[in-house]
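Beneath this line is the structure, given in structure tokens, with notes to follow.
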Amino acid sequence: MLEMIRTERVYSAPASGGFRILVDRLWPRGLAKDETRIDLWMKDIAPSNELRKWFGHDPGKWEEFKERFFRELDLKAELVDQLISKAEESDLIFLYAAKDAEHNNAVALKEYLEARMKMPGSLPLDHHSI
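Once you know that position 43 of the sequence shown is 432 in this note's numbering, the rest is easy, because the numbers rise by one and skip nothing.
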């Protein structure tokens, strides 16, 4: 059964339930690793450093950022499949540090995964779980 994916700012108090995955390449500033409830830090699913720097959280670049990020995600099939498998088991919460709640990599990743999960045959038979 497909569960829900949502996004939350890593600095916010945890909402109820869900497997909490930090999807930023860099650890959030000012946050000690023992101060937050993160079940998994999946930095390799984040945009490349080049793309992250190019985007610079500029909402004017959002659509092109998503296109470029989706192309990067197409090359990370194993990681994407792991997330899809986990989403079939429990709710996922993608954590991010950005101040903009609408234009960040967690939102883009959520959009990408939800689209992939609607595609028939999106998982290989021998996928690995998180």
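Glycine included, every Cβ here is placed at the ideal spot set by N, Cα and C.
From a predicted model like this one, the values you see are computed outputs, not experimental measurements.
Skipping 5 residues on each side, what residues in its chain have a beta carbon closer than 8 Å to that of residue i?
i	result
Thr396	Ile482, Phe483, Leu484, Tyr485, Ala490, Asn493, Ala495, Val496 and Lys499
His446	Ala487, Lys488, Asp489, His492 and Asn493
Taking all protein chains shown into account, decide if residue i is buried (16 or more other Cβ within 10 angstroms of its Cβ) or exposed.
i	result
Ala476	buried
Lys455	buried
Pro448	exposed
Leu464	exposed
Arg409	buried
Glu424	exposed
So residue i and residue j are supposed to be a Cβ contact under 8 Å. How far apart are they, rounded?
i	j	result
Leu429	Glu461	Their Cβ separation, rounded to whole angstroms, is 19 Å, which puts Leu429 and Glu461 out of contact at 8 Å.
Glu478	Ile394	Between Ile394 and Glu478 the Cβ distance is about 12 Å, and since that is not below 8 Å, they are no contact.
Arg426	Pro403	5 Å
CB-CB under 6 Å to residue i, same chain, minus the five flanking residues each way: which ones, in chain order?
i	result
Phe459	Tyr501
Arg414	Lys432 and Ala435
How would you write the range of the beta strand (DSSP E) that residue i sits in, first residue to last?
i	result
Tyr485	Leu481 to Tyr485
Just curious, the alpha helix (DSSP H) that residue i is in, first and last residue?
i	result
Glu397	Note, Glu397: premise wrong, no alpha helix (DSSP H); beta strand (DSSP E) at Ile394 to Arg398.
Asn438	Asn438 to Phe444
With DSSP as the reference, label residue i as helix, strand or coil.
i	result
Arg505	helix
Leu464	coil
Arg409	strand
Trp451	helix
Leu498	helix
Enumerate in chain order the residues of its own chain whose CB-to-CB distance from residue i is below 7 Å, with the five nearest sequence positions on each side excluded.
i	result
Gly450	It should be pointed out that residue 450 corresponds to Lys in this sequence rather than to Gly. Answer for Lys450: Phe444, listed in chain order.
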